[in-house]
Amino acid sequence: MTEPMQLLESYIDSIAARDFVTARGYLLDTAFRQVSPIAQFDDPDDFVSSLETIGTILHKINVIHRFQDDDVVCHVMDLIVNLDTRRTRRIVQVARVRDGKIADLEVIFDASEFNRMIITGDQWPF
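First residue of the sequence shown: -8, per this note's numbering; consecutive thereafter.
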């Protein structure tokens, strides 16, 4: 594995272990950006705080595929979460590494269940 891939694998492992302090250490302190269908963060501390809320329901992360093109790393993953039942959510994460840290994260997933929750006021299923 090359350096950017190793960095992202370690980051994912720290999230799976709910070690958010270590996860934060992999993120660039300035000029950081995270985008998903439901949120955007420019502050890595705010982003990690949001991850901590998901950590309470996260059961497991299964990496299905991984790709790298220079400093860009892509993972296709299944997130298995515990709510009223165990549910699996497929996501794609695209990351750019700069100066040995994660500078950009884009997380792509179907946000339709989240959007229905906003409309109906139900609990977020992810």
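Cβ atoms here follow ideal geometry from the backbone N, Cα and C, with glycine treated the same way.
- Assignment of LEU74 by DSSP, reduced to helix, strand and coil, places it in the coil class.
- When secondary structure is reduced to three states using DSSP, ASP4 falls in the helix class.
- A straight-line Cα-Cα distance of about 24 Å links SER5 and THR76.
- Contact annotation: ILE99 and VAL88 have beta-carbon atoms that are not nearer than 8 Å.
- Put simply, of GLU97, ALA86 and SER103 the residue whose alpha carbon is nearest the alpha carbon of GLN(-3) is ALA86.
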